[in-house]
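Numbering (the UniProt record's numbering), first residue to last: 1 to 475. We put the CB at the ideal spot given by N, CA and C, even for glycine. First up is the structure itself, then whatever we jot down about it.
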Amino acid sequence: MTWLLLCIGLLIAGYFTYGKFIERLFGPRPELDTPAVTMADGVDYVPMSDKKVYLVQLLNIAGLGPIFGPILGALYGPVAMLWIVFGCIFAGAVHDYFSGMLSVRARGASVPTVVGQQLGSFAKHFMNIFAVLLLLLVGVVFVLGPAKLLGDLSGTTVAAWVAAIFAYYIIATLVPIDKIIGRLYPIFGALLVFMSVGLLLGQFASGNGFHSGGLDFSNLHPDGLPLWPLLFITIACGAVSGFHATQSPLMARCMQNERSGRFIFTGAMIGEGVIALIWCSLGISFYESPEALNAVLASGGPAAVVHQVSTSLLGVVGGVLAILGVVILPITSGDTAFRSARLIIADFLKLPQQSLPKRLLIALPMFVVGYLITQAEFGVIWRYFGWANQTTAMIMLWAAAAYLAKEGKLHWVCTLPAIFMTAVTFTYLAHADIGFGLGMQPATLIGLGVALSFTVAFLLKYRPASTPAAVEEQP
1 MTWLLLCIGL
11 LIAGYFTYGK
21 FIERLFGPRP
31 ELDTPAVTMA
41 DGVDYVPMSD
51 KKVYLVQLLN
61 IAGLGPIFGP
71 ILGALYGPVA
81 MLWIVFGCIF
91 AGAVHDYFSG
101 MLSVRARGAS
111 VPTVVGQQLG
121 SFAKHFMNIF
131 AVLLLLLVGV
141 VFVLGPAKLL
151 GDLSGTTVAA
161 WVAAIFAYYI
171 IATLVPIDKI
181 IGRLYPIFGA
191 LLVFMSVGLL
201 LGQFASGNGF
211 HSGGLDFSNL
221 HPDGLPLWPL
231 LFITIACGAV
241 SGFHATQSPL
251 MARCMQNERS
261 GRFIFTGAMI
271 GEGVIALIWC
281 SLGISFYESP
291 EALNAVLASG
301 GPAAVVHQVS
311 TSLLGVVGGV
321 LAILGVVILP
331 ITSGDTAFRS
341 ARLIIADFLK
351 LPQQSLPKRL
361 LIALPMFVVG
371 YLITQAEFGV
381 IWRYFGWANQ
391 TTAMIMLWAA
401 AAYLAKEGKL
411 HWVCTLPAIF
421 MTAVTFTYLA
431 HADIGFGLGM
441 QPATLIGLGV
451 ALSFTVAFLL
461 KYRPASTPAA
471 VEEQP
């Protein structure tokens with residue numbers, strides 16, 4: 001599996017080269033006290049060590065996305081791994097670093113506030129609504145996914161596991177961040193590392209190469225689904241994901257030094273990219289053909305692939321541990337999704353969250369809405385989540401580009417991926433059944449047209465003559 005090792009090597013190299021370049025471009029200021037120090041409240045603003053913050057960030061962002069998405073993306077063949085590598089380095093890691101560091105500079109503000117500071121009040125109000133909807137979709141997806149896996153493993157009903165996971169979410173959303181998340185997530189992180197390394201070693205020990213298509217970068221999807229724009233919606237986590245912009249502020253409220261930003265935000269994204277590469281390569285190499293993988297997906301979904309691959313490569317015990325890792329990933333992202341939604345609503349309502357009754361005032365109605373969403377078909381929820389996720393990434397990238405332009409810095413590192421994601425999301429919206437259902441050619445023209453218009457408007461607004469304006473910083 002030389003190709004897999006090469007891809008992982010490129011991700012690691014990207015962290016030390018392009019990631020370092022992005023860090024220097026932003027310019028961290030270690031002499032500034034972070035929000036964890038200046039706004040410590042014992043609930044959401046709690047100083048934690050860099051290693052702990054990194055593991056929590058990785059678990060927060062790595063839900064079902066870097067597993068289910070790459071498994072589905074494997075139907076396209078090895079080209080999916082190219083998207084993971086280049087998307088992760090040039091879009092995802094940049095997106096995550098700026099969403100985290102701009103939040104640090106804005107006193108740990110949630111993504112709507114960060115976006116509003118750069119793109120204006122309309123963007124802030126839009127993101128308040130859009131981000132909460134995205135987080136509710138994420139929370140629901142990350143209830144149903146693990147509930148199905150646990151139901152299959154235990155022979156109990158999915159409904160019972162949905163209720164149990166929701167009960168945990170309510171507790172984890174309300175208690176101080178260092179009581180459950182800060183204490184348990186490092187242990188879960190160790191399980192995640194075991195799962196990833198174990199599957200990687202199992203893959204090499206099996207000697208499985210890519211299916212008969214070999215290292216073919218053409219579209220191998222057995223159903224003939226187009227690469228553009230579907231691949232870039234299907235594989236989000238592991239390449240670029242707007243959900244991460246909602247999670248980074250949680251750790252921006254816990255990190256103690258701006259110098260730690262690259263390790264925490266860029267590093268966690270690169271780590272997620274490695275997880276995505278492992279699962280994508282397993283989808284390509286474990287099955288004899290894309291058709292064989294597609295048959296398993298049709299009968300049991302990505303969860304069935306996880307079960308087959310894990311038990312086959314790692315045996316019964318190792319397989320159970322790996323599957324538990326896959327269960328824990330979405331649960332640890334789902335609880336922080338609801339926590340982020342609570343904080344966004346609290347910021348909007350200007351409702352302090354130190355007291356439990358005020359947290360309950362927001363959390364309980366939010367969980368009622370989340371439970372109602374679970375009654376919809378999972379496939380429909382997943383498609384809306386996919387589009388909303390990448391649309392959030394697009395908006396965050398434009399906000400980061402605006403920040404750099406205002407500061408008179410090289411904004412193209414964010415502008416170019418923002419343009420690309422604009423074309424992807426609007427093409428998908430125009431083409432998909434959940435959108436306008438247009439043919440691919442007119443949908444692509446619409447996507448490219450919107451991306452071009454956004455670019456022209458951005459360049460006109462942020463001309464070099466514009467007066468530099470900073471993110472709200474601490475004195």
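Item: T422 vs M440 beta-carbon contact at 7 Å; Value: no
Item: Assumed close pair P35, R253 - CB separation to whole angstroms, cut-off 8 Å; Value: 5 Å
Item: Cβ-Cβ separation, W387 to I434 (assumed contact under 8 Å), whole Å; Value: 7 Å
Item: Identity of the residue in N219, I381, V320, V450 nearest V79 by Cα; Value: N219
Item: Candidates V53, A74, L58: closest to P290 by CA position; Value: A74
Item: Inter-residue CB distance, F265 and Y97 (contact presumed, cutoff 8 Å); Value: 5 Å
Item: Beta carbon of residue 495 nearer than 7 Å to that of V114; Value: The structure shown does not extend to residue 495, since the chain is modelled only from 1 through 475, so no value can be given for it.
Item: Ordered list of beta strand (DSSP E) runs contained in the segment 433 to 462, each at least 3 residues; Value: none
Item: Rounded separation between L372 and F166 - CA only; Value: 12 Å
Item: Three-state secondary structure (DSSP) of A167; Value: helix
Item: Extent of the continuous alpha helix (DSSP H) run through E23; Value: 18 to 26
Item: Buried/exposed call for H411, threshold 16 Cβ in 10 Å; Value: buried
Item: Buried versus exposed call for Q57 [16 or more other C-beta atoms within 10 Å across all chains shown]; Value: buried
Item: Contacts around I170, its chain only, beta-carbon distance under 7 Å, and the 5 residues preceding and following it disregarded; Value: A363, F367
Item: Neighbour-count burial assignment, V197, 16 or more Cβ in a 10 Å radius; Value: exposed
Item: Backbone CA spacing between A268 and L55 [nearest angstrom]; Value: 8 Å
Item: Limits of the unbroken alpha helix (DSSP H) element including L72; Value: 65 to 73
Item: Reference S260; option with closest CA among W3, Y18, S49, G408; Value: S49
Item: Segment limits, alpha helix (DSSP H) that includes V115; Value: 111 to 119
Item: Residue from G238, S281, Q256, H244 with nearest C-alpha to F204; Value: S281
Item: Beta carbon of I84 nearer than 7 Å to that of P302; Value: no
Item: Closer than 7 Å to chain B by CB, L102; Value: Annotation note: the requested chain B is absent from the structure, which comprises a single protein chain.
Item: Cβ-Cβ distance between Q308 and N60 below 7 Å; Value: no
Item: Neighbourhood of A341 by C-beta distance below 7 Å, restricted to the same chain and skipping five residues each side; Value: V132, L135, L136, M366
Item: Among G27, A304, L429, nearest to I323 - alpha-carbon criterion; Value: A304
Item: The alpha helix (DSSP H) enclosing Q390, as first and last residue numbers; Value: 378 to 406
Item: D50 beta carbon near the ligand ADP (any heavy atom closer than 6 Å); Value: Ligands in the displayed structure: none, and consequently the ligand ADP is not present.
Item: Spatial distance of L438 from F385 (CA atoms); Value: 20 Å
Item: Assumed close pair F232, V94 - CB separation to whole angstroms, cut-off 8 Å; Value: Rounded, the Cβ-Cβ distance is 16 Å, inconsistent with contact.
Item: C-alpha gap between M81 and L277, whole angstroms; Value: 6 Å
Item: CA nearest to the CA of L174, picked from I446, P357, V240; Value: P357
Item: Where H244 falls, given that 16 or more other Cβ within 10 Å makes a residue buried; Value: buried
Item: Whether G370 touches V53 by CB criterion (7 Å); Value: no
Item: L200, DSSP secondary structure in three states; Value: helix
Item: Cα-Cα separation, F426 to V316; Value: 44 Å
Item: CA nearest to the CA of G238, picked from P464, G69, L25, D33; Value: G69
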